[in-house]
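Residue numbers (UniProt numbering), protein chains in the order written: chain A, 1 to 360; chain H, 1 to 360.
See below for the structure under consideration.
Number of protein chains: 2
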Amino acid sequence: MNTLQLDLGERSYPIHIGANLLAQPDLYKKHLKGSLTAVVTNETVAPLYADRVVKTLESLGQKVKLIVLPDGEVFKTWEVLQKIFDGLLECSADRKATLVALGGGVIGDMTGFAAACYMRGIRFIQVPTTLLSQVDSSVGGKTGINHPLGKNMVGAFYQPQAVIADLDTLKTLPPKELAAGLAEVIKHGAIADAEFLTWIENNQNALNACDPKAMEHAVRRSCEIKSQVVAQDEKEGGLRAILNFGHTFGHAIEAGMGYGQWLHGEAVGCGMVLAADLSVRVGLLSEADASRLKKITAALRLPTVPPKLGINRYMELMSVDKKAEGGEVRYILLDGFGRAKIQAVDDALVIQTLQAAGAG
Amino acid sequence: MNTLQLDLGERSYPIHIGANLLAQPDLYKKHLKGSLTAVVTNETVAPLYADRVVKTLESLGQKVKLIVLPDGEVFKTWEVLQKIFDGLLECSADRKATLVALGGGVIGDMTGFAAACYMRGIRFIQVPTTLLSQVDSSVGGKTGINHPLGKNMVGAFYQPQAVIADLDTLKTLPPKELAAGLAEVIKHGAIADAEFLTWIENNQNALNACDPKAMEHAVRRSCEIKSQVVAQDEKEGGLRAILNFGHTFGHAIEAGMGYGQWLHGEAVGCGMVLAADLSVRVGLLSEADASRLKKITAALRLPTVPPKLGINRYMELMSVDKKAEGGEVRYILLDGFGRAKIQAVDDALVIQTLQAAGAG
Chain A
1 MNTLQLDLGE
11 RSYPIHIGAN
21 LLAQPDLYKK
31 HLKGSLTAVV
41 TNETVAPLYA
51 DRVVKTLESL
61 GQKVKLIVLP
71 DGEVFKTWEV
81 LQKIFDGLLE
91 CSADRKATLV
101 ALGGGVIGDM
111 TGFAAACYMR
121 GIRFIQVPTT
131 LLSQVDSSVG
141 GKTGINHPLG
151 KNMVGAFYQP
161 QAVIADLDTL
171 KTLPPKELAA
181 GLAEVIKHGA
191 IADAEFLTWI
201 ENNQNALNAC
211 DPKAMEHAVR
221 RSCEIKSQVV
231 AQDEKEGGLR
241 AILNFGHTFG
251 HAIEAGMGYG
261 QWLHGEAVGC
271 GMVLAADLSV
281 RVGLLSEADA
291 SRLKKITAAL
301 RLPTVPPKLG
311 INRYMELMSV
321 DKKAEGGEVR
331 YILLDGFGRA
341 KIQAVDDALV
351 IQTLQAAGAG
Chain H
1 MNTLQLDLGE
11 RSYPIHIGAN
21 LLAQPDLYKK
31 HLKGSLTAVV
41 TNETVAPLYA
51 DRVVKTLESL
61 GQKVKLIVLP
71 DGEVFKTWEV
81 LQKIFDGLLE
91 CSADRKATLV
101 ALGGGVIGDM
111 TGFAAACYMR
121 GIRFIQVPTT
131 LLSQVDSSVG
141 GKTGINHPLG
151 KNMVGAFYQP
161 QAVIADLDTL
171 KTLPPKELAA
181 GLAEVIKHGA
191 IADAEFLTWI
201 ENNQNALNAC
211 DPKAMEHAVR
221 RSCEIKSQVV
231 AQDEKEGGLR
241 AILNFGHTFG
251 HAIEAGMGYG
261 QWLHGEAVGC
271 GMVLAADLSV
281 RVGLLSEADA
291 SRLKKITAAL
301 RLPTVPPKLG
311 INRYMELMSV
321 DKKAEGGEVR
331 YILLDGFGRA
341 KIQAVDDALV
351 IQTLQAAGAG
């Protein structure tokens with residue numbers, strides 16, 4: 001087992017990465033306060049892992065409430081979030097209760113937000129079971145739900161007590177979801193570590209095959225990079241926005257297609273290809289590097305061609321993106337591999353990127 | 001104008017108290033970041049004050065969005081909160097936008113929570129227009145909404161940039177709401193300042209008549225006391241719970257009657273009388289003092305007799321209260337005037353208090 005530490009002063013927490021962690025009581029024990037734990041999961045994950053986690057918590061003397069939500073990004077809504085509050089209130093959960101988020105990014109985001117809001121804040125533990133959530137969403141404290149007019153528009157910065165990333169859970173992941181997670185792995189290399197990007201390029205077969213050794217390295221290095229960025233800028237005052245590389249285009253694809261049509265990671269994969277193209281047009285990245293990133297993305301079985309939503313629709317969708325500040329959209333660009341830059345870009349160049357990619 | 005400071009490190013903020021403050025641009029100016037402000041208010045307050053606040057903000061060059069919610073505790077729900085998010089997204093509000101909460105406690109709590117959650121946190125300014133909100137809810141950063149199974153069960157600790165308490169707004173307050181606010185004024189005297197309680201006793205006519213001088217003192221001293229408590233324990237780890245004196249019984253009354261039937265302050269007024277009686281039974285307070293507190297409460301036109309919900313119903317309602325910890329309800333008691341104490345109490349004594357008051 002590898003254990004990293006996300007350093008945020010009194011909000012610091014460990015990130016455990018390894019095989020067979022779900023059933024290790026010690027990893028949960030020190031993070032519990034009261035005698036009640038609610039395990040929040042979804043209909044897909046529950047039959048696979050809920051029993052193991054519930055039994056482990058019960059072995060620690062916890063009363064455990066299991067809350068099973070429907071599975072999918074379309075359910076990342078207030079109505080479904082409400083089911084977590086209902087479950088907590090039904091068993092008279094107090095401020096000492098702990099939530100365990102057992103599932104992917106949607107479960108982690110919603111459970112974290114429920115923990116942030118229930119009685120103005122209770123503890124929670126992230127137990128991510130998808131690659132996407134292990135390498136990205138479970139780390140860093142971004143929680144929230146979607147609004148019909150925008151993704152993650154309602155939420156909180158709220159840190160977990162711990163992240164327990166059990167690599168064994170990746171074995172049951174459908175190939176599409178594995179690829180979606182690899183998009184964020186590529187992202188970490190692209191924005192912060194050119195060497196790691198090369199490692200990804202050289203290990204694409206192992207990654208596509210979900211080879212345990214390869215996954216361990218991919219998850220660990222991703223968590224290290226993300227932790228370092230978050231530790232410097234917890235609430236996204238500046239630097240942290242580089243983690244949104246590929247996300248401005250990606251969010252537009254997700255929202256434009258309707259949440260749930262494209263997986264988040266698929267949209268980010270395609271979004272990175274567009275952002276790299278834009279970086280070339282701005283004069284920051286070589287065409288060879290943009291083309292290399294596109295090849296890596298395709299090799300990891302991610303889409304590289306955006307859906308034809310129409311240029312105007314893209315521009316409109318991106319204007320509502322969270323990174324739109326004072327009316328101008330700020331893009332995350334690559335200033336060579338391993339170096340990200342945040343800046344406003346002329347609409348004309350963005351339109352060129354979209355047109356060249358066939359998004360019109 | 002009096003200006004107090006709530007000292008919370010980097011989250012410190014000023015509390016301005018005085019006449020004719022709504023229309024003073026300087027009080028808002030330094031707390032705005034971007035160019036968009038959304039003023040959130042309700043159908044009762046909007047015709048009285050919205051125009052003045054909107055014009056003042058416009059004079060600072062702000063684009064102002066007015067969001068008018070229905071009036072009342074029954075509307076302190078997610079569905080109504082959603083209207084704030086809708087309003088913000090309709091005008092593409094970004095993270096630099098500021099919310100202004102113009103109204104009473106419900107508006108302040110909901111607007112504060114919306115500010116806490118919108119894009120994971122934007123700025124907000126409290127402009128309380130009721131006595132209750134000026135002396136209590138606008139100060140200290142408790143925000144939230146109700147859940148069908150409990151009051152304020154979903155929320156956040158989230159501090160405003162400033163509190164602007166314009167005493168002129170109290171002139172339009174219905175007598176019932178004035179009395180409801182005075183309940184929290186009495187509370188501050190009872191838990192923290194015996195001398196202030198005596199001042200309240202000696203100035204009951206001026207307070208009932210909403211005399212400007214009397215109101216100024218009542219608001220200022222209340223804000224001072226509350227600020228001092230909150231500065232020591234922002235997130236209610238311990239001490240801050242003394243501000244809930246009268247609230248355990250009060251919340252049970254509110255929930256048992258159905259939110260909106262009793263005003264919050266009325267329920268707290270009656271709840272303090274019950275809590276004082278319980279303090280006598282526990283051996284902390286003299287019967288004479290409990291009787292004196294009951295007289296002051298009645299003199300300020302607050303109810304002192306609880307509704308007949310049945311003893312079991314009361315016990316059940318109080319068990320779900322936020323102050324229930326690990327299964328036992330912790331009561332805020334008076335250890336003489338000016339000194340509050342938090343402790344668990346035998347159910348038998350609580351039942352005696354309820355029976356003696358005719359709550360069965």
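Every residue gets a Cβ at the ideal spot worked out from N, C-alpha and C, and that includes glycine.
For this session: Going by CA-CA distance only, name the one from Ile186(A), Tyr13(A), Ile164(A) that's closest to alanine 299(A).
Result: Start at 1 with the first residue of the first sequence, and residue 299(A) comes out as number 299. Answer by Cα proximity: Ile186(A).
Exercise. What residues in the segment 3-24 of chain A bring their beta carbon closer than 8 angstroms to a beta carbon of chain H?
Worked result: Taking 8 angstroms as the Cβ-Cβ cut-off, the segment 3-24 of chain A has no residue approaching chain H.
For this session: Determine the contact status of isoleucine 145(H) and tryptophan 78(H), defining contact as a CB-CB distance below 9 angstroms.
Result: On the second sequence, position 145 is the one that residue 145(H) refers to. On the second sequence, position 78 is the one that residue 78(H) refers to. Result yes, Cβ atoms of isoleucine 145(H) and tryptophan 78(H) sit closer than 9 angstroms.
Problem set entry | Interface residues of the segment 151-170 of chain A facing chain H [CB-CB below 7 angstroms] | Look at the segment 151-170 of chain A: the residues with a C-beta under 7 angstroms from a C-beta of chain H are Met153, Val154, Gly155, Ala156, Phe157.
Exercise. When the distance is taken between beta carbons, is glutamine 134(A) closer than 9 angstroms to isoleucine 17(A)?
Worked result: Here residue 17(A) is taken as the residue at index 17 of the first sequence, counted from 1. Here residue 134(A) is taken as the residue at index 134 of the first sequence, counted from 1. Contact: yes.
Exercise. Would a C-beta distance cut-off of 9 angstroms place glutamate 43(H) and proline 70(H) closer than the cut-off?
Worked result: Looking up residue 43(H) in the second sequence gives position 43. Looking up residue 70(H) in the second sequence gives position 70. Yes, these two residues count as a Cβ contact at 9 angstroms.
For this session: Kindly indicate which three-state DSSP category residue 381(H) falls into: helix, strand or coil?
Result: Nothing in the structure corresponds to residue 381(H), since chain H is present only between 1 and 360.
Exercise. Which one or two residues does DSSP pair with alanine 38(A) in a beta bridge?
Worked result: As a first step, residue 38(A) must be located in the first sequence, where it is residue number 38. DSSP, once it has assigned bridges, lists Lys65(A), Leu99(A) as partnering alanine 38(A).
Exercise. How would you call glutamine 159(H), buried or exposed, if buried means at least 16 neighbouring beta carbons within 10 angstroms?
Worked result: As a position in the second sequence, residue 159(H) is number 159, starting the count at 1. Glutamine 159(H) is buried by the Cβ-count criterion.
For this session: With 9 angstroms as the threshold, decide whether the Cβ of lysine 235(A) is near any Cβ in chain H.
Result: Within the first sequence, numbered from 1, the residue matching residue 235(A) stands at position 235. Yes, because at least one Cβ of chain H sits closer than 9 angstroms to the Cβ of lysine 235(A).
For this session: Could you tell me whether the segment 284-302 of chain H touches the segment 227-234 of chain H, using the rule of 3 or more Cβ pairs below 8 angstroms?
Result: In short, these stretches do not touch, since the Cβ pair count stays below three.
For this session: Answer yes if the segment 244-251 of chain H comes into contact with the segment 261-273 of chain H, meaning at least three C-beta pairs across the two stretches below 8 angstroms, and no otherwise.
Result: Touching, yes.
Exercise. Taking DSSP as the reference, what is the three-state secondary structure of lysine 323(A)?
Worked result: Translated into positions along the first sequence, residue 323(A) becomes position 323. Residue placement at lysine 323(A) is poorly supported in this model, since its pLDDT is 48, which falls under 50; the coordinates are not used for a value here.
Exercise. Quick one: does phenylalanine 85(H) have its CB under 9 angstroms from some CB of chain A?
Worked result: The residue given as residue 85(H) occupies position 85 in the second sequence. Residue-level contact by beta carbon holds for phenylalanine 85(H) and chain A, with a gap shorter than 9 angstroms.
For this session: Could you tell me whether any Cβ in chain A is nearer than 9 angstroms to the Cβ of methionine 119(H)?
Result: Numbered from 1 along the second sequence, position 119 holds the residue referred to as residue 119(H). So, interface residue.
Exercise. Should residue 379(H) be flagged as near chain A, meaning a C-beta pair shorter than 9 angstroms?
Worked result: Because chain H spans 1 through 360 in this model, residue 379(H) falls outside it and cannot be assessed.
Exercise. Taking glycine 61(A) as the reference, which of Thr37(A), Arg95(A), Gln355(A) has the closest Cα?
Worked result: If you number the first sequence from 1, residue 61(A) lands on position 61. Here the closest residue by C-alpha is Thr37(A).
Problem set entry | Within the segment 325-352 of chain A, ranges of the beta strand (DSSP E) (whole runs, at least 3 residues) | 328-334, 340-344, all fully within the segment 325-352 of chain A.
Exercise. Between the Cα of leucine 274(H) and the Cα atoms of Val100(H), Gln355(H), Cys91(H), which residue gives the shortest distance?
Worked result: Position 274 of the second sequence holds residue 274(H). Residue Gln355(H) holds the alpha-carbon nearest to the alpha-carbon of leucine 274(H) among Val100(H), Gln355(H), Cys91(H).
Problem set entry | Interface partners of leucine 149(A) on chain H, CB under 7 angstroms | In the first sequence, the residue the question calls residue 149(A) occupies position 149. Chain H residues near leucine 149(A): Leu89.
Problem set entry | Simplified DSSP assignment, three categories, for glycine 238(A) | As a position in the first sequence, residue 238(A) is number 238, starting the count at 1. Glycine 238(A) falls in the coil class under three-state DSSP.
Problem set entry | glycine 144(H) at chain A interface by Cβ criterion, 9 angstroms | Along the second sequence, one-based indexing puts residue 144(H) at 144. At least one chain A Cβ lies under 9 angstroms of glycine 144(H).
Problem set entry | Below-9 angstroms beta-carbon distance, serine 116(A) vs any chain H residue | The residue you call residue 116(A) lines up with position 116 of the first sequence. Checking the displayed sequence, the identity of residue 116(A) turns out to be alanine instead of serine. When Cβ-Cβ separations below 9 angstroms define contact, alanine 116(A) makes contact with chain H.
For this session: Tell me where the alpha helix (DSSP H) around glycine 357(A) begins and ends.
Result: On the first sequence, position 357 is the one that residue 357(A) refers to. In the sequence on display, residue 357(A) carries alanine and not glycine. Under the DSSP assignment, alanine 357(A) falls outside any alpha helix (DSSP H); it carries neither an H nor an E label.
Problem set entry | Close Cβ partners of isoleucine 242(A) (< 6 angstroms) along its chain, the five nearest in sequence each way excluded | Position 242 of the first sequence, counting from 1, holds the residue named residue 242(A). For isoleucine 242(A), where only same-chain residues beyond five positions count, the Cβ hits under 6 angstroms are Ile191, Ile332, Ala340.
For this session: Mind reading off the beta-carbon distance from leucine 89(A) to leucine 149(H)? Whole number of angstroms is fine, and I expect it under 8 angstroms.
Result: Taking the first sequence and counting its residues from 1, one reaches residue 89(A) at position 89. Taking the second sequence and counting its residues from 1, one reaches residue 149(H) at position 149. Taking a contact as a CB-CB distance under 8 angstroms, the pair leucine 89(A) and leucine 149(H) counts as one, their CB atoms being some 4 angstroms apart.
Problem set entry | Any C-beta of chain H under 9 angstroms from that of tryptophan 78(A) | As a working note, residue 78(A) is residue 78 in the first sequence. Closer than 9 angstroms to some Cβ of chain H, the Cβ of tryptophan 78(A) qualifies, so yes.
Problem set entry | Distance CB(methionine 272(A))-CB(alanine 183(A)) smaller than 9 angstroms | As a position in the first sequence, residue 272(A) is number 272, starting the count at 1. As a position in the first sequence, residue 183(A) is number 183, starting the count at 1. Cβ distance < 9 angstroms, so methionine 272(A) and alanine 183(A) count as in contact.
Exercise. Roughly how many angstroms separate the alpha carbons of glycine 256(A) and valine 139(H), rounded to a whole number?
Worked result: Translated into the one-based positions of the first sequence, residue 256(A) becomes position 256. Translated into the one-based positions of the second sequence, residue 139(H) becomes position 139. For glycine 256(A) and valine 139(H), the distance between alpha carbons rounds to 41 angstroms.
For this session: Whole angstroms is fine: what's the gap from residue 366(A)'s alpha carbon to methionine 1(A)'s?
Result: For chain A, the structure presents residues 1 to 360; residue 366(A) sits outside this window and is missing.
Exercise. With valine 100(A) and valine 40(A) assumed to form a contact (beta carbons below 8 angstroms), what rounded beta-carbon distance in angstroms separates them?
Worked result: The residue given as residue 100(A) occupies position 100 in the first sequence. The residue given as residue 40(A) occupies position 40 in the first sequence. Confirmed, about 7 angstroms.
For this session: Would you list, in sequence order, the uninterrupted beta strand (DSSP E) runs of no fewer than 3 residues that lie entirely inside the segment 112-161 of chain A?
Result: Counting only runs of 3 or more, we get 123-128, 142-147, 150-157.
Problem set entry | Min CB distance serine 291(A) to chain H below 9 angstroms | As a working note, residue 291(A) is residue 291 in the first sequence. It does not: the Cβ of serine 291(A) has no partner Cβ on chain H nearer than 9 angstroms.
Problem set entry | C-alpha gap between leucine 309(H) and arginine 240(H), whole angstroms | Translated into the one-based positions of the second sequence, residue 309(H) becomes position 309. Translated into the one-based positions of the second sequence, residue 240(H) becomes position 240. C-alpha separation (whole angstroms): 29 angstroms.
Exercise. Hey, is glutamine 82(H)'s beta-carbon within less than 9 angstroms of any beta-carbon in chain C?
Worked result: Annotation note: the requested chain C is absent from the structure, which comprises protein chains A and H.
Exercise. By the criterion of Cβ-Cβ separation under 9 angstroms, what are the contact partners of serine 138(A) in chain H?
Worked result: Position 138 of the first sequence holds residue 138(A). Those within 9 angstroms of serine 138(A) in chain H number zero; the least Cβ separation is about 16 angstroms.
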